[in-house]
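Quick mapping for you: the protein sequence lines, in order, are chains S and X. With our numbering as the guide, the letters of the first sequence map in order to residues 1 to 171. With our numbering as the guide, the letters of the second sequence map in order to residues 1 to 250. Note that the Cβ used here is the ideal one computed from N, Cα and C, for glycine as well.
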Amino acid sequence: MTEDEFDAFYAAAFPRLTGQLFAFTGDRGEAQDVVQEAFVRAWDRRHKLRADGAPEAWVRTVAMRLAVSRWRRARRWLELVRHSALPETIPGPGPERTALVAALRELPEHQRMAIVLHHLCDLSVEQVASETGAPVGTVKVRLSRGRAALAKQLAVDEAEEPAWREGGRVG
Amino acid sequence: MSDELATALRELAEANQMPPPLPAAEVRTRARRRSRRRRTTVRLGLATSAAGMLATIGLTVHAEEPGRDPRASAESATIGTPTSSPRAPVAASDRPAGTEEAVLDLGRHTLTFDGRVMRVDPHSSGALLSPGRELTVRAKHEVMLLRNDERTGNRHEAEVPYVVELRTGDRPPVYAGALAFDIRSLGALGTRAGWLVLSVDDARWFYTRIRQGEHVEITSPASPVAPAPTPDPADGPDPETGTATSRPPN
Chain S
1 MTEDEFDAFY AAAFPRLTGQ LFAFTGDRGE AQDVVQEAFV RAWDRRHKLR ADGAPEAWVR
61 TVAMRLAVSR WRRARRWLEL VRHSALPETI PGPGPERTAL VAALRELPEH QRMAIVLHHL
121 CDLSVEQVAS ETGAPVGTVK VRLSRGRAAL AKQLAVDEAE EPAWREGGRV G
Chain X
1 MSDELATALR ELAEANQMPP PLPAAEVRTR ARRRSRRRRT TVRLGLATSA AGMLATIGLT
61 VHAEEPGRDP RASAESATIG TPTSSPRAPV AASDRPAGTE EAVLDLGRHT LTFDGRVMRV
121 DPHSSGALLS PGRELTVRAK HEVMLLRNDE RTGNRHEAEV PYVVELRTGD RPPVYAGALA
181 FDIRSLGALG TRAGWLVLSV DDARWFYTRI RQGEHVEITS PASPVAPAPT PDPADGPDPE
241 TGTATSRPPN
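Structure, rendered in structure tokens:
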């Protein structure tokens with residue numbers, strides 16, 4: 001991948017990837033940060049990325065792993081400081097958050113990743129299994145449970161006060 | 001549910017797409033900076049290990065063969081290497097691919113590659129040599145023949161040994177080579193091409209080690225690049241004025 005090709009790829013794929021990562025993280029700033037970092041790492045691998053033929057999938061996978069890694073660090077930090085006066089939950093994503101974002105954030109990260117990759121990024125179950133390193137059967141279970149949890153959550157949101165107003169929680 | 005979910009997710013993602021906060025050039029610069037830091041760390045680690053090993057070997061040899069200077073073998077191994085090189089010019093084929101990226105520092109007028117810092121005299125018109133840009137090795141010419149061209153005032157043919165042809169995309173080439181003749185005659189070399197003038201030793205070393213497809217990163221200029229002394233750009237010859245030949249260098 002030449003310099004010009006990388007620049008064109010960056011300009012075209014960055015917005016799309018931040019949208020997908022927002023669905024995964026529920027946080028615009030976080031989505032932008034991890035996609036940016038994934039592109040910095042992509043530059044070092046530009047020759048291999050061109051050979052692989054799926055540079056966008058590589059950047060998305062790296063960005064999702066970075067997001068997961070950040071969540072886990074944040075969660076550990078929260079566990080460490082839980083005894084203090086700090087809140088036990090991470091603040092929600094801000095005024096733009098929606099019931100769907102809140103419902104997604106309630107899902108465990110494996111289910112959320114499977115849902116986003118399969119239903120938003122149009123990856124097949126086999127491709128999701130390959131990207132996440134999980135068996136195909138496990139991915140099917142995660143999708144099924146994730147969909148069920150979302151349906152339940154969104155049904156509650158419609159019937160009652162929206163859950164997201166109470167603040168999101170890191171999955 | 002699946003279709004509704006997919007539609008809702010797509011709408012959510014589209015509504016939250018964001019443009020890049022940084023230009024692509026900045027992303028590349030960050031990646032290169034990080035890569036350089038990694039290489040420096042590795043080199044420091046290797047140097048420390050090597051120093052430790054040499055000290056151990058030296059002590060062992062000294063202990064086993066009293067009277068023999070352990071440094072003698074190290075000195076004999078460096079005989080014949082280029083003056084500023086820390087090691088012998090290993091052929092490009094002996095070096096792992098993609099392990100290095102050459103760095104052209106326009107401020108210091110240096111070309112650094114594989115641990116060797118070479119003095120370079122950069123000449124270009126336009127933005128061929130701009131910081132942040134990256135050049136790719138497109139070809140290597142053992143000898144490049146620069147033909148005489150009365151239109152540009154070049155009355156002499158010249159042979160330039162060990163020329164590495166560098167390009168960015170479809171832009172005109174930048175040649176790195178050993179220009180032994182008067183630098184002012186660069187005006188006849190083509191107004192659109194850039195030149196990185198090296199000493200013969202450095203040009204030979206660079207030509208031997210760098211491979212096609214490898215990159216030269218251009219970094220921060222503390223001082224502007226001297227433009228080529230070309231009187232009339234409109235009449236300048238095509239950069240391809242230089243013709244590669246297969247003859248060995250003189």
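Residue range of the unbroken beta strand (DSSP E) whose run includes E109(S): Not the beta strand (DSSP E): E109(S) falls in the alpha helix (DSSP H), residues E109 to I115.
If you run the structure through DSSP and keep just helix, strand and coil, what is A6(X)? helix
Applying the 10 Å Cβ sphere with the 16-neighbour rule, what's the burial state of T41(X)? exposed
Could you tell me the distance, in whole angstroms, from the CA atom of D114(X) to the CA atom of T138(S)? 47 Å
Can you give the beta carbon distance from L12(X) to L107(S), rounded, assuming they're within the 8 Å contact cut? 14 Å between Cβ atoms; not a contact.
Might you give, ordered along the chain, the residues of its own chain that have their beta carbon closer than 8 Å to the beta carbon of H215(X), omitting 5 neighbours on each side? E101, A102, E134, L135, T136 and V137
Can you tell which of V125(S), H110(S), S69(S) and A114(S) has its C-alpha closest to the C-alpha of L9(X)? A114(S)
By the three-class DSSP mapping on this structure, what secondary structure does G177(X) have? strand
Label G29(S) either buried or exposed according to how many other C-beta atoms from any shown protein chain fall within 10 Å of its C-beta, with 16 as the threshold for buried. exposed
Strand pairing of K140(X), partner residues [DSSP]: V164(X)
Is it the case that the region 6 to 24 of chain S contacts the region 164 to 177 of chain X, given that we only count it when at least three CB pairs across the two stretches are under 8 Å? no
Label S124(S) either buried or exposed according to how many other C-beta atoms from any shown protein chain fall within 10 Å of its C-beta, with 16 as the threshold for buried. exposed
Close Cβ partners of T18(S) (< 7 Å) along its chain, the five nearest in sequence each way excluded: A31, Q32 and V35
For H118(S) versus V128(S), is the C-beta distance shorter than 7 Å? yes
Can you tell me where the alpha helix (DSSP H) holding R45(S) begins and where it ends? Run containing R45(S): none; DSSP gives neither H nor E here.
Minimum C-alpha distance to A11(S) - residue among R34(X), P23(X), L179(X) and V117(X): P23(X)
Strictly under 7 Å for the Cβ-Cβ distance: is R97(S) near chain X by that measure? Per-residue confidence for R97(S) stands at a pLDDT of 48, beneath the threshold of 50, marking its modelled position as unreliable; no derived number is given.
Less than 7 Å between CB atoms is the rule here; does A8(X) satisfy it with respect to chain S? yes
Give the DSSP-derived three-state secondary structure of M18(X) in the structure shown. coil
Here's a check: name, in chain order, each residue in its chain whose Cβ is nearer than 8 Å to the Cβ of P15(S), leaving out the five neighbours to either side. none
Straight-line gap, W43(S) to R204(X) (C-alpha atoms, nearest Å): 30 Å
Look up F113(X) in the DSSP assignment and give the residues it is bridged to. R116(X)
CB contact below 7 Å: V137(X) versus chain S: no
With DSSP collapsed to three states, give me the class of G169(X). coil
Cβ-based contacts, 9 Å cut-off: residues of the region 21 to 36 of chain X near chain S: P21, L22, P23, A24, A25, V27, R28, R30, A31, R32, R34 and S35
With a threshold of 7 Å between beta-carbons, can H119(S) be considered close to chain X, or not? yes
Own chain, CB closer than 6 Å to A103(S), minus 5 neighbours either side, in chain order: L150, Q153 and L154
Along chain X, which residues have their Cβ under 9 Å away from the Cβ of T2(S)? E134, T136, T168 and G169
Rounded to whole angstroms, what is the Cα-Cα separation between R142(S) and A127(X)? 54 Å
Drop a sphere of 10 angstroms on the beta-carbon of D3(X), count the other beta-carbons inside from all chains shown, and report buried for 16 or more, exposed for fewer. exposed
Mind checking whether F22(S) and V116(S) have CB atoms under 7 Å apart? no
Helix, strand or coil for E26(X)? Go by DSSP, reduced to three states. helix
Kindly indicate if chain X contains any beta-carbon less than 7 Å away from that of P15(S). yes
Beta carbons nearer than 8 Å to chain X: which residues of the region 14 to 35 of chain S have them? F14, P15, R16, T18, G19, Q20, F22, A23, R28, A31 and Q32
Only counting the same chain, and skipping five residues up and downstream in sequence, which positions put a Cβ closer than 6 Å to that of A25(X)? G132
When burial is assigned at 16 or more other CB atoms within 10 Å of the CB, is R119(X) buried or exposed? exposed
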